[in-house]
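Engineer: End of the sequence shown sits at 280 in this note's numbering; the numbers just go up one at a time, nothing left out.
For every residue, glycine included, the Cβ atom is placed at its ideal position computed from N, Cα and C.
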Amino acid sequence: MLYFPFSEATPKGQVLKSATIKMYNILDSGVEKEYFNIILDNVKVTAITPSLHPGGQTGTHLETLQLRYESITWKCCDGNIIYKDSWNGMAIA
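1) For S258, collect the residues of the same chain with a Cβ closer than 8 Å to its Cβ; drop the 5 residues on either side in sequence, then sort them by chain order.
2) Could you check whether T233 and E250 sit closer than 8 Å to each other, using their CB atoms as the reference points?
3) Kindly indicate which residue of I268, I269, C263 has the alpha-carbon position closest to the one of Y222.
4) Report all residues from its chain with a CB closer than 7 Å to the CB of Y256; omit the five preceding and five following residues, and keep chain order.
5) For T207, which of Q201, H240, I225, G246 has the nearest alpha-carbon?
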């Protein structure tokens, strides 16, 4: 769940120090359990596209975010498996 007004950051070209996207499963008991995180550093929102699935299959409003970032960390909460990558080591032609 995202709690930042991305629609305000996009037209201003604002760079966010970090952004965390947390993903949850719903257990049989109805309780949310966090299972995966994506942590981005030095994030710039480049586009936001609102949409609805044809025929209202999901019944909810969706948004597609396009992001640019300096580094990304993937974290699997079960087992605490973490992998980080960044654009700093990228070869430039």
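Structural biologist: In terms of the structure at hand:
1) Same-chain partners within the cutoff: L227, D228, N229, K271, D272, S273, W274, N275.
2) In this structure, E250 sits away from T233, with a CB-CB distance that is not shorter than 8 Å.
3) C263
4) Within the same chain, Y256 has close Cβ partners L227, D228, N229, V230.
5) I225
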